[in-house]
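Peer 1:
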Amino acid sequence: MKKKNYLLVCTPIKNIENLYAKLSDHFDIIYRPQLTSKTTINFKKINFIFTNPNMSKIKFDQRTLLNFTNLKAICTASTGTNHIDLKYLKKNKIKLISLRNKKNIIKKITSTAEHAFALLISSIRNVGSASQSIKRKQWEYLPFIGRQMDHMTIGVIGYGRLGKIFVNLLSGFHSKILIHEKKFKILDENKNKQSSLNNILKNSDAIVMHIHADQENIKFIDRNKLKKMKKDVVIVNTSRGEIIDEKDLVDFLKKNKNSKYAADVVFDEIKNKWKSQIMKEFIRGNENILLTPHIAGMTKEAQMYAYHAVSSDLIKFLKKIK
Numbered sequence: 001m002k003k004k005n006y007l008l009v010c011t012p013i014k015n016i017e018n019l020y021a022k023l024s025d026h027f028d029i030i031y032r033p034q035l036t037s038k039t040t041i042n043f044k045k046i047n048f049i050f051t052n053p054n055m056s057k058i059k060f061d062q063r064t065l066l067n068f069t070n071l072k073a074i075c076t077a078s079t080g081t082n083h084i085d086l087k088y089l090k091k092n093k094i095k096l097i098s099l100r101n102k103k104n105i106i107k108k109i110t111s112t113a114e115h116a117f118a119l120l121i122s123s124i125r126n127v128g129s130a131s132q133s134i135k136r137k138q139w140e141y142l143p144f145i146g147r148q149m150d151h152m153t154i155g156v157i158g159y160g161r162l163g164k165i166f167v168n169l170l171s172g173f174h175s176k177i178l179i180h181e182k183k184f185k186i187l188d189e190n191k192n193k194q195s196s197l198n199n200i201l202k203n204s205d206a207i208v209m210h211i212h213a214d215q216e217n218i219k220f221i222d223r224n225k226l227k228k229m230k231k232d233v234v235i236v237n238t239s240r241g242e243i244i245d246e247k248d249l250v251d252f253l254k255k256n257k258n259s260k261y262a263a264d265v266v267f268d269e270i271k272n273k274w275k276s277q278i279m280k281e282f283i284r285g286n287e288n289i290l291l292t293p294h295i296a297g298m299t300k301e302a303q304m305y306a307y308h309a310v311s312s313d314l315i316k317f318l319k320k321i322k
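Each residue of the sequence shown is one higher than the one before, counting from 1 in our numbering.
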């Protein structure tokens, strides 16, 4: 008997063990992992959406969501939700299922913090540019002399789940750590590292961002904050591209040749990633920039935890409304 609970899956899931079969037991799946706003599809019959911001080519803003006249829920295998118009969902009583409040699951997922650490180390030790130099048949160390981490001050902006994991990873390297979290006081063993934002901006050799791209954090790092930073600062961003004013940052990087920016995200990533100023500068060959294609959370283990957790919640929601 046909289930007729149509689930649009617009993110790759067939690589995740047992997930497609699990969802198929409860939904009629319309599998479009490369879905764009131009894809021909009968939006009106879709009842549920399964998505993820990584690799997504469509943003579920009001203009897009107006096509889904029978939508009951959107399920995203992420904590971030800036790819979905939450106001529209609330207004139209459409359920949002995400990882945001699933603390028992997300505490197991360390992948993004680990990737931030990898970007930090790679930038400090010039791994990317040194490796590329070999392809040019060069074998020398002078252009790639890095830093030793026990002589560095690392500023961490944002001390939620990922910030805490990152600080724990960093603690074994004996750097001086400064932590800023404006929403609450630090009450754990790292409370003595709590710092003002101004102190972090002025005194950090590297600044690592772990903040949400909510409205108050859009273009959080701008010209005024960059002016306070060291001329050879390393900035790491695995949060969202929107927390950076990319024009201001490109100007800063051009003026300060020893500064670096390492990121897993760019501004307006879903709709206009190739128009991002950081992306353009990176493609032009600026070796002060290190980019990866939003892979921070994409480990085998993280996907198993995240995708299965939200799919289970989606199935529960389906049973509840039947």
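Quick reminder that beta carbons are idealized off the backbone N, C-alpha and C, glycines included.
The structure displayed is predicted, hence computed values, not measured ones.
So, using beta-carbon positions, are I154 and A206 closer together than 8 angstroms?
Peer 2: For I154 and A206, yes; Cβs fall inside 8 angstroms.
Peer 1: So the candidates are K22, H26 and N15; which of them puts its Cα closest to the Cα of K4?
Peer 2: Among K22, H26 and N15, the Cα nearest to that of K4 belongs to H26.
Peer 1: Can you tell me whether A130 is helix, strand or coil according to DSSP?
Peer 2: Note: A130 maps to helix in three-state DSSP.
Peer 1: When you compare the segment 101-117 with the segment 235-255, are there three or more beta-carbon pairs, one atom per stretch, that lie closer than 8 angstroms?
Peer 2: Judged by Cβ distances under 8 angstroms, the segment 101-117 makes contact with the segment 235-255, as three or more pairs qualify.
Peer 1: Quick one: grab the DSSP three-state call for V236.
Peer 2: Strand.
Peer 1: Between Y102 and the rest of its own chain, which residues show a CB-CB distance below 7 angstroms, the 5 nearest in sequence each way excluded?
Peer 2: It is Lys, not Tyr, that sits at residue 102 in the sequence shown. Here the set comprises A309.
Peer 1: Determine the burial state of D245: buried for a count of at least 16 other Cβ atoms within 10 Å of its Cβ, exposed for fewer.
Peer 2: It counts as buried.
Peer 1: Grab me the residues of D222's own chain with a C-beta within less than 7 angstroms of its C-beta, minus the 5 sequence neighbours each way, in chain order.
Peer 2: Once the five neighbours on either side are set aside, the close Cβ partners of D222 are D245 and D248.
Peer 1: Helix, strand or coil, according to DSSP, for A296 in the structure here?
Peer 2: Note: A296 maps to coil in three-state DSSP.
Peer 1: Would you kindly check if the distance between the Cβ of I211 and the Cβ of I157 is under 8 angstroms?
Peer 2: Cβ atoms of I157 and I211: closer than 8 angstroms.
Peer 1: Label E269 either buried or exposed according to how many other C-beta atoms from any shown protein chain fall within 10 Å of its C-beta, with 16 as the threshold for buried.
Peer 2: E269 should be labelled buried.
Peer 1: Using a Cβ-Cβ cutoff of less than 6 angstroms, which residues in the same chain neighbour K219 once the five nearest sequence positions on both sides are dropped?
Peer 2: Excluding residues within five positions, the ones whose Cβ falls inside 6 angstroms are D245.
Peer 1: Nearest to D85 by alpha carbon, out of M55, F60, K38 and K91?
Peer 2: Looking at the Cα atoms, F60 is the closest of the given residues.
Peer 1: To the nearest angstrom, report how far apart L142 and V208 are at their CA atoms.
Peer 2: Roughly 26 angstroms separates the two Cα atoms.
Peer 1: With a threshold of 16 other CB atoms inside 10 Å of the CB of D188, please say whether the residue is buried or exposed.
Peer 2: By the 10 Å Cβ count, D188 comes out exposed.
Peer 1: Using only the alpha-carbon positions, how far apart do Y261 and N18 sit?
Peer 2: Between Y261 and N18, the C-alpha separation is close to 38 angstroms.
Peer 1: Starting from K95, trace the beta strand (DSSP E) both ways and give me its first and last residue.
Peer 2: Counting along the chain, the beta strand (DSSP E) containing K95 begins and ends at K95 to I97.
Peer 1: What residue range does the beta strand (DSSP E) around H115 cover?
Peer 2: Careful: H115 lies outside any beta strand (DSSP E), inside the alpha helix (DSSP H) at S111 to I124.
Peer 1: Strictly by DSSP, which residues pair up with V208?
Peer 2: V208 is bridged to V156 and V236.
Peer 1: Compute the distance between the beta-carbons of F43 and T11, then report whether it is under 8 angstroms.
Peer 2: No; because the gap between Cβ atoms is not below 8 angstroms, this pair is not in contact.
Peer 1: Assign D264 to one of two classes, buried (16 or more other C-beta atoms within 10 Å of its C-beta) or exposed (fewer than that).
Peer 2: That one is buried.
Peer 1: Roughly how far, in whole angstroms, is the beta-carbon of K108 from the beta-carbon of Y305, given that I think they are within contact range, below 8 angstroms?
Peer 2: 5 angstroms between Cβ atoms; contact.
Peer 1: Would you mind sorting Q303 into buried or exposed? The rule is 16 or more other CB atoms within 10 Å of its CB.
Peer 2: Under this definition Q303 is a buried residue.
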